[in-house]
Amino acid sequence: MSEQTFYRQAGSYLDSVDVVEVQRGPEPGGVGGAYRAFGETLRGLKTTMSRLIEGPLTIEYPEEKTPVYPRFRGRHKLHRFEDTGLEKCVGCSLCAAACPADCIRVVAAENIPGERVSSGERYAAVYEINLSRCIFCGYCEIACPFDAITMGHDYEMADYDRTNLIFTKEMLLAEPIERTPLKSEDE
Amino acid sequence: MTGLLPLADTQFAESIWIMIAKSIVIFAVIFAILPILTVVERKLIGRFQHRYGPNRVGPFGLLQPLADVGKLISKESFRPQNAISTLFILGPLLPVLSGVLALAIIPWGDVKNGVGFYGIDVPIGILYFFAVGSIAFYGLLLGGWSSGSKYSLLGAMRSAAQLISYEVSMGLALLGVIMMSGSLSLVDIVRAQDGVWYIAPQIVGFLIFMLAGFAETNRTPFDMPEADAELVQGFMTEYGGMRFGSFLLVEYMEILVVSGIAAAMFLGGWMGPGPGWLDPIWMLLKMLALVFVFIWVRATLPRLRYDQLMTLGWKVLLPLATLNVLVTAILVVVT
Amino acid sequence: MEAVLFFIAAIGATVGAIGVVAARNPFYSVLALVAHLFSLAVLFLLLTSAFIAAAQVVVYAGAVMVLYVFVVAYVGSGHEPKWDPVPGQRLFAGLLAFFLFVEISAAVLSSGLRALSTHGPDVPAGFGDPAAIGNLLLEKFLVPFEASSVLLLIAAVGAIVLAARKRSGEPGGDPRNGRQNGGGATPPGHSAPEARPEGVAPAPTASSPTLGAPR
């Protein structure tokens with residue numbers, strides 16, 4: 001397309017679009033302008049004063065925390081069966097395959113009949129999530145056929161050392177300290 | 188001593204010990220208020236924006252100024268390589284001097300038991316305030332010029348133009364009050380407001396004075412000399428440590444002085460219900476109310492553009508102030 | 523106390539005055555002048571004329587010198603040449619200063635310095651306060667006072683006219699120049715300063731640099 005035809009087409013397109021009337025305020029300056037500026041100043045003062053009366057809306061974070069929604073995707077949890085106490089994870093590595101950030105590492109091992117770890121044939125001998133890479137997308141939760149891994153509500157995972165952010169199976173299995181309040185029904 | 192400092196009330200002279208005691212008391216009170224003012228301003232600005240403001244250091248964040256000053260003192264008093272050292276050091280000192288000198292004429296109460304509740308009562312009264320205020324300007328200018336930085340120079344030049352422009356309107360705004368009371372002495376002016384405060388007949392003068400006061404103290408909406416968006420910090424760009432701190436502290440001192448003058452000239456000074464010993468409290472309360480207005484305006488208005496500043500000063504405030512003076516003069520002569 | 527203050531102020535005034543002419547950097551000259559004016563204000567204060575002292579500081583140190591500083595700081599502090607372009611200028615200035623010194627010395631010494639041992643004239647109560655000065659200005663010296671105010675007004679108007687004409691002359695806004703410039707003979711704005719409008723007195727040179735110079 002040559003330049004000319006492009007502009008012709010663009011021109012016809014622009015003609016067909018409704019012309020938007022630009023809303024302009026009155027001209028600044030003059031006695032009227034000074035009067036309006038004074039009035040607007042008073043209006044601004046009123047606005048800020050009403051903010052002062054309303055009081056702060058700040059949530060003072062370390063002391064009080066924003067409640068999260070039930071489906072909030074925080075730190076992962078691994079689960080056990082409540083009755084038998086066996087791990088739900090069978091070491092299938094589907095979560096690791098689904099993970100877009102490639103932060104899950106699973107090494108599976110065969111269950112020995114006497115000392116079963118999981119309910120399936122195999123179990124996860126090593127299950128690590130590198131939370132410094134995790135993007136909290138929740139694909140692992142969706143990929144898991146046994147609901148062995150779910151996303152929790154904990155979002156306070158800051159640490160001074162990156163190695164501390166590699167969560168092992170034991171850490172993920174342990175019941176997380178419920179530090180985060182949950183939103184109530186009506187919120 | 189009286190030969191050196193001609194007082195408005197010539198029959199009334201205090202002993203030098205009383206004068207020293209008075210100056211110490213005024214100093215102590217003002218310098219106790221100043222740091223609190225910094226934290227109060229930050230807290231109020233926060234509240235104006237739905238925030239809390241500083242509340243970490245001490246109860247309600249009241250020890251914040253202590254932490255700030257501690258930080259500023261512990262910092263190096265840096266001097267840029269191409270700054271002129273003597274002038275650079277002199278820069279922050281002059282505004283402090285000017286602020287302290289101006290504090291002297293704020294009246295805190297009437298003469299009681301032979302002691303005037305004010306620093307000094309000079310017959311030139313309000314002229315003293317303007318004379319002393321012009322010293323502060325040289326502080327800004329020396330600081331800005333000797334820093335050897337373009338931001339500092341631009342900030343200093345802006346403050347020069349701004350101070351000249353608004354000093355005229357400021358003086359004219361006060362002229363109405365002076366004509367009505369027939370005296371330049373602040374103490375006499377407050378005494379003349381026994382019935383009606385001058386804010387009622389001189390509302391135009393009061394508004395112009397406050398507007399010019401914002402400009403004189405380099406506060407938003409007129410904080411052109413230190414416009415941090417375009418000039419980094421204006422004339423104090425190159426300053427650090429306690430030198431920067433003194434510039435900052437002086438700003439609050441100037442706010443207090445301007446509020447004090449406005450309270451004395453328009454809001455009836457120490458007048459208020461209650462026994463006589465409440466007078467200084469009333470004065471302080473009125474001053475703090477005006478300081479609140481300063482903070483309120485800062486939380487509300489954006490900075491003016493430079494040409495708007497000049498237009499406002501010369502084309503709006505100056506004619507208005509002149510008109511106010513004219514009308515007041517006619518009314519004073521007629522009645 | 524007063525004697526100590528007098529000598530401090532007198533030394534300050536003298537040093538400031540010397541600094542104005544001795545400093546190579548114009549900015550320092552201006553600052554020296556400011557110091558001189560402040561010292562002078564203290565001297566006025568010692569003469570029980572607080573009003574004059576305040577006026578001195580407000581008008582000269584607070585306004586006039588601010589404009590000087592403004593211009594000097596903007597234009598920049600180019601160092602002046604060590605020797606002046608006009609030959610014999612320094613010699614002439616020195617001679618003039620010497621004759622002035624001789625004249626003043628003669629005048630002072632001829633009075634015999636009798637007043638040194640007295641306490642000076644008695645001043646009436648309220649001498650030099652704003653009310654007294656106001657009365658003098660509006661009663662005894664009304665005509666000179668009003669005349670000088672008219673003069674100042676003319677100066678201000680003249681300065682504004684000069685500054686405004688220069689600006690309007692640049693794009694050929696001045697009608698007379700505009701017609702001439704039609705042929706392209708003279709560049710616009712060059713001929714503007716020569717032409718004076720009728721009926722407006724030329725502004726005194728003292729005020730035009732302050733208002734008209736920056737552009």
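Chains as they are written, first to last, in my numbering: chain A, 1 to 187; chain B, 188 to 522; chain C, 523 to 737.
Beta carbons: idealized from backbone N, C-alpha and C, even for Gly.
Taking one C-beta from the stretch 438-454 of chain B and one from the stretch 469-478 of chain B each time, how about it: are there three or more such pairs within less than 8 Å?
yes
Given a limit of 8 Å on CB to CB distance, which residues of the stretch 64-92 of chain A reach chain B?
none
Taking CB distances under 8 Å as the criterion, tell me whether B:T273 reaches chain A.
Residue mapping note: residue 273 of chain B aligns to position 86 of the second sequence, counting from 1. B:T273 has a beta carbon lying at 8 Å or more from every beta carbon in chain A.
Let me see if you follow: with CB-CB separation under 8 Å, is B:F409 close to chain C or not?
Taking the second sequence and counting its residues from 1, one reaches residue 409 of chain B at position 222. Answer no: the Cβ-Cβ gap between B:F409 and chain C never drops below 8 Å.
With a threshold of 8 Å between beta-carbons, can B:V437 be considered close to chain C, or not?
Position 250 of the second sequence, counting from 1, holds the residue named residue 437 of chain B. With 8 Å as the cut-off, B:V437 does not count as an interface residue toward chain C.
According to DSSP, residues forming a beta bridge with A:T150:
In the first sequence, counting from the first residue as 1, residue 150 of chain A sits at position 150. Paired residues: A:K77.
By the three-class DSSP mapping on this structure, what secondary structure does B:W295 have?
Position 108 of the second sequence holds residue 295 of chain B. Strand.
Proximity winner among B:V445, B:L472, B:T487 and B:Y426, relative to B:F265 (alpha-carbon distances):
Translated into the one-based positions of the second sequence, residue 265 of chain B becomes position 78. Closest option to B:F265, Cα to Cα, is B:Y426.
Backbone CA spacing between C:R559 and C:A583 [nearest angstrom]:
Reading the third sequence from its first residue, position 37 is the one you call residue 559 of chain C. Reading the third sequence from its first residue, position 61 is the one you call residue 583 of chain C. Note that residue 559 of chain C is Leu in the sequence shown here, rather than Arg. Counting only the Cα atoms, C:A583 lies some 7 Å from C:L559.
What separation, rounded to the nearest whole angstrom, lies between the Cα atoms of B:V419 and B:E438?
Working through the second sequence from its first residue, we reach residue 419 of chain B at position 232. Working through the second sequence from its first residue, we reach residue 438 of chain B at position 251. B:V419 and B:E438: Cα-Cα distance of roughly 17 Å.
For A:N130, the residue or residues it bridges with in DSSP:
Counted from its first residue, the first sequence places residue 130 of chain A at position 130. DSSP lists A:I166 as partners of A:N130.
Report back the beta-carbon spacing between B:T487 and A:L45 to the nearest angstrom; my notes put them in contact at under 8 Å.
Locating residue 487 of chain B in the second sequence gives position 300, counting from the first residue. Locating residue 45 of chain A in the first sequence gives position 45, counting from the first residue. At roughly 5 Å, the Cβ-Cβ gap stays under 8 Å, so B:T487 and A:L45 are in contact.
On the DSSP letters alone, give me the boundaries of the beta strand (DSSP E) that A:V107 sits inside.
Locating residue 107 of chain A in the first sequence gives position 107, where the first residue counts as 1. Here the beta strand (DSSP E) through A:V107 covers I104 to E110.
Hey, is B:Y493's beta-carbon within less than 8 Å of any beta-carbon in chain A?
Within the second sequence, numbered from 1, the residue matching residue 493 of chain B stands at position 306. It does not; no Cβ of chain A falls within 8 Å.
Please compile the residues from chain C whose C-beta is within a distance smaller than 7 Å of the C-beta of B:P310.
The count along the second sequence starts at 1 and reaches residue 310 of chain B at position 123. A572, D651 and P652, listed in chain order.
Nearest-angstrom Cα separation, counted from B:L314 out to C:G656
Reading the third sequence from its first residue, position 134 is the one you call residue 656 of chain C. Reading the second sequence from its first residue, position 127 is the one you call residue 314 of chain B. The alpha-carbon atoms of C:G656 and B:L314 are separated by roughly 14 Å.
Using a Cβ-Cβ cut-off of 8 Å, state whether B:A328 counts as contacting chain C.
Taking the second sequence and counting its residues from 1, one reaches residue 328 of chain B at position 141. In the sequence on display, residue 328 of chain B carries Leu and not Ala. Taking Cβ atoms only, chain C reaches closer than 8 Å to B:L328, which makes this a yes.
Under 7 Å from the C-beta of B:S261: neighbouring residues of chain C:
Position 74 of the second sequence, counted from the start, is the residue given in the question as residue 261 of chain B. By Cβ distance, chain C contributes nothing, its closest Cβ being about 33 Å from B:S261, past 7 Å.
Give a yes or no on whether the minimum CB-CB distance between B:M367 and chain C is below 8 Å.
Taking the first residue of the second sequence as position 1, residue 367 of chain B is located at position 180. B:M367 does not count as touching chain C.
Using a Cβ-Cβ cut-off of 8 Å, state whether A:R51 counts as contacting chain B.
Residue mapping note: residue 51 of chain A aligns to position 51 of the first sequence, counting from 1. For A:R51, the answer is yes, since a Cβ of chain B falls inside 8 Å of its Cβ.
Identify, in the order they occur along the chain, each residue of the same chain with its Cβ nearer than 6 Å to the Cβ of B:P294, setting aside the five sequence neighbours on each side.
Counted from its first residue, the second sequence places residue 294 of chain B at position 107. Taken in chain order, the residues that qualify are Y305, L373, V374, V377, A451 and G456.
Chain B beta carbons: is any one of them nearer than 8 Å to that of C:T732?
Stepping through the third sequence from its first residue, residue 732 of chain C is reached at position 210. Reliability fails at C:T732, whose pLDDT of 39 lies under 50, so the model's placement of it is uncertain and no value is given.
Closest to A:D102 by CA distance: which of A:L173, A:Y139, A:A125 and A:K88 is it?
To locate residue 102 of chain A, count along the first sequence from 1; it is residue 102. Residue A:Y139 is the option with its Cα nearest to A:D102.
Report all residues from its chain with a CB closer than 6 Å to the CB of A:L173; omit the five preceding and five following residues, and keep chain order.
Translated into positions along the first sequence, residue 173 of chain A becomes position 173. Hits under 6 Å: L78.
Below 7 Å, is the gap between the Cβ of B:F409 and the nearest heavy atom of the ligand PLP?
In the structure on display, the ligand PLP does not appear, and there are no ligands present to speak of.
Determine the contact status of A:L94 and A:C137, defining contact as a CB-CB distance below 8 Å.
Here residue 94 of chain A is taken as the residue at index 94 of the first sequence, counted from 1. Here residue 137 of chain A is taken as the residue at index 137 of the first sequence, counted from 1. Not a contact, by the Cβ cut-off of 8 Å.
Helix, strand or coil for B:F461, going by three-state DSSP, please let me know.
What you label residue 461 of chain B is simply residue 274 of the second sequence in a count that begins at 1. According to the sequence provided, residue 461 of chain B is Gly. The question's Phe does not apply to it. Coil at B:G461, not helix or strand.
Cα-Cα, which of B:A387, B:V302, B:F275 and B:D308 is closest to B:W332?
Indexing the second sequence from 1 puts residue 332 of chain B at position 145. With distances taken between Cα atoms, B:W332 lies closest to B:F275.
Straight-line CA distance for A:R80 to A:K88?
As a working mapping, residue 80 of chain A is identified with position 80 in the first sequence. As a working mapping, residue 88 of chain A is identified with position 88 in the first sequence. Their backbone Cα atoms lie some 5 Å apart in a straight line.
Within its chain, find whatever has a CB closer than 8 Å to the CB of B:R490; leave out the 5 residues flanking it on each side and keep chain order.
What you label residue 490 of chain B is simply residue 303 of the second sequence in a count that begins at 1. Cβ within range, chain order: T407, P408, F409, D410, M411, A414 and A416.
Tell me the residue span of the alpha helix (DSSP H) that contains A:G32.
Within the first sequence, the letter at position 32 stands for residue 32 of chain A. G30 to E54 is the span of the alpha helix (DSSP H), which, as asked, contains A:G32.
Taking only beta-carbon positions, decide if B:Y305 is within less than 8 Å of chain C.
The count along the second sequence starts at 1 and reaches residue 305 of chain B at position 118. False, the Cβ-Cβ gap to chain C never drops below 8 Å.
By the three-class DSSP mapping on this structure, what secondary structure does A:E64 have?
For this step, residue 64 of chain A is matched to residue 64 along the first sequence. A:E64: coil per DSSP, three-state reduction.
Bounding residues of the beta strand (DSSP E) (the contiguous stretch that carries B:F304):
Here residue 304 of chain B corresponds to residue number 117 of the second sequence, with the count starting at 1. B:F304 -> beta strand (DSSP E) spans V302 to Y305.
With 16 other CB atoms within 10 Å as the buried threshold, where does A:K169 fall?
For the purposes of this step, residue 169 of chain A is identified with residue 169 of the first sequence, where counting begins at 1. Looking at its Cβ environment, which holds 16 or more other Cβ atoms inside 10 Å, A:K169 is buried.
Give me whichever residues DSSP pairs with C:A653 in a beta bridge.
For the purposes of this step, residue 653 of chain C is identified with residue 131 of the third sequence, where counting begins at 1. Partner residues in a beta bridge of C:A653, as assigned by DSSP, do not exist.
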